[in-house]
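These notes concern the structure reproduced below.
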Amino acid sequence: MKDIEIYDLATDVISSIAADLNENLYSKINGTLSVCWLRDDKFNASAQSRSSVDEPPCHIVNMYFGLTRQLYRDIEEYCAYIESERDKPIFDTLFGSHHKYKELIPSSFSKAESKENMFISALTWVFFHEIAHLNQEHGHIRSQILQSDNHLIDECNVHKSENLEGKAAAIYHTTEMAADFEAVYICIKELVRHFKGMDLENSIGSFACALSCALYKFHGIKPLNTDSAPKGTHPSAIVRLEHLLPHIWEFFDVAAVQSLGEIKLSRSELVYICELHSVTVSLFWFRKQLLTEEKFSEFLHTRTIDRTGGREYMQTIINTWDEIESEINKNKRFDDPFALLRFTEQYRKLVFETINS
Ligand SMILES: [Zn+2]
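Heads up, the numbering used here is the position in the sequence shown plus 3, with the first residue counted as 1.
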């Protein structure tokens, strides 16, 4: 696909989603959503609210052409990497004994369709991440608590962002995770609307791949931040992935979702599908960056709470979420209780118990 075709596809997809959101949500509360395309080659997206929380929303999402091109090119390269079977022996060893182990790129779609589906998944996830920041009015939460008048939410290249720490960093990291959570929820809900049966089962794996491709791109080649306290504006992209994969399998583990999507998958099969696909992206990213073997463990996702400092980090995130959730609930524009970040009692126990033991 030529660059211009990628931009055309991206603008078509995002324009049609934005038109749908304007018609079905924003117009009902006298608000507007605008999408602004920037010709910049940055791998970035941003969001801005031009309204206060007690006015009808005037929301803007800035999408960068650079992000669309780089997302597509990574996915294209990932598909070529899988087809080359370069690391098939590793995948066979890690995953080969499972009865669901078969094609990594489903043959029920053509190669071009598979790439396009993955690209659209990754792109829409980024877009819905921005919409989630706006829906939950994170600009307001950040400026209110941090007493700043900066309402722009930027995903990359944030000026002096590396200096952010303490309360400010905790608020930024927690709202990033809340936006991630809502965006994944919207995307997987859409998968169930579009696909049924085996096509849906395949699309769960493709979505896990697409999400991993986008997050590894945001991650770059930075060493994984294992600090016990949030620093900067964003959590490590790998830590974000570690929390989003369980969100996918937990959503599809609900009996009503399986019945609607005409699939029958056990929880362990769902975990397997998500892990298999995301690990192939980890290895792809590791190869793409030409890193030395000893760096590989830094690129593999695991459970955040198993990392040094991971429990303390998540304790801060959960405490911060508990502190801001009611304000977010009060201000959020569109009401879907399942879109809001939540930590189960079981997870809270894991995070807090070990700290006290
Ligand atoms: Zn964000």
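Glycine included, every Cβ here is placed at the ideal spot set by N, Cα and C.
Determine the direct distance from the alpha carbon of VAL260 to that of TRP252, and round the result to whole angstroms. 11 Å
Selected residue, minimal CA-CA separation from LYS333, among TRP288, ASN47, HIS136 and VAL56: VAL56
Can you pull the DSSP bridge partners for GLN51? ILE63
6 Å Cβ shell around PHE337 - same chain, five flanking residues per side excluded: LEU28 and ASN138
By Cβ distance, which residues of its chain are closer than 7 Å to PRO59, with the 5 residues on each side in sequence left out? ILE32, ASN33 and GLY34
Would a C-beta distance cut-off of 8 Å place SER281 and HIS304 closer than the cut-off? yes
Between the C-alpha atoms of GLU79 and ALA125, what's the straight-line distance to the nearest angstrom? 13 Å
Judging by CA-CA distance, which residue of ALA50, GLN51, GLU26 and ALA171 is the nearest neighbour of ALA232? ALA171
Figure out for me which residue from ILE276, GLU356, TYR10 and LYS335 has the closest Cα to the Cα of SER209. ILE276
For ILE156, verify whether its CB is less than 7 Å away from any heavy atom of ligand 1. yes
Local conformation of LYS298 per DSSP, three classes: helix
Helix, strand or coil at ILE266 [DSSP, three-state]: coil
Take ALA21 and list the residues in its own chain whose beta-carbon comes closer than 7 Å to its own, dropping the five residues that flank it on each side. LEU36 and VAL38
When burial is assigned at 16 or more other CB atoms within 10 Å of the CB, is GLU179 buried or exposed? buried
Of the listed residues ASN153, LEU286 and ILE93, nearest to GLN51 (C-alpha basis): ASN153
DSSP beta-bridge partners of GLU168: LYS234
Give the DSSP-derived three-state secondary structure of ILE85 in the structure shown. helix
Tell me which same chain residues have a C-beta within less than 7 Å of the C-beta of PHE355, skipping the five on either side of it? GLN318
Cβ of HIS136 versus every heavy atom of ligand 1: is any distance shorter than 7 Å? yes
Verify whether the separation of the beta carbon atoms of ILE241 and GLN292 is less than 8 Å. no
Is any heavy atom of ligand 1 found at a distance shorter than 7 Å from the C-beta of ALA182? yes
According to DSSP, which residues form a beta bridge with LEU41? TYR67
Within the present structure, is the beta-carbon of HIS101 separated from the nearest heavy atom of ligand 1 by less than 7 Å? no
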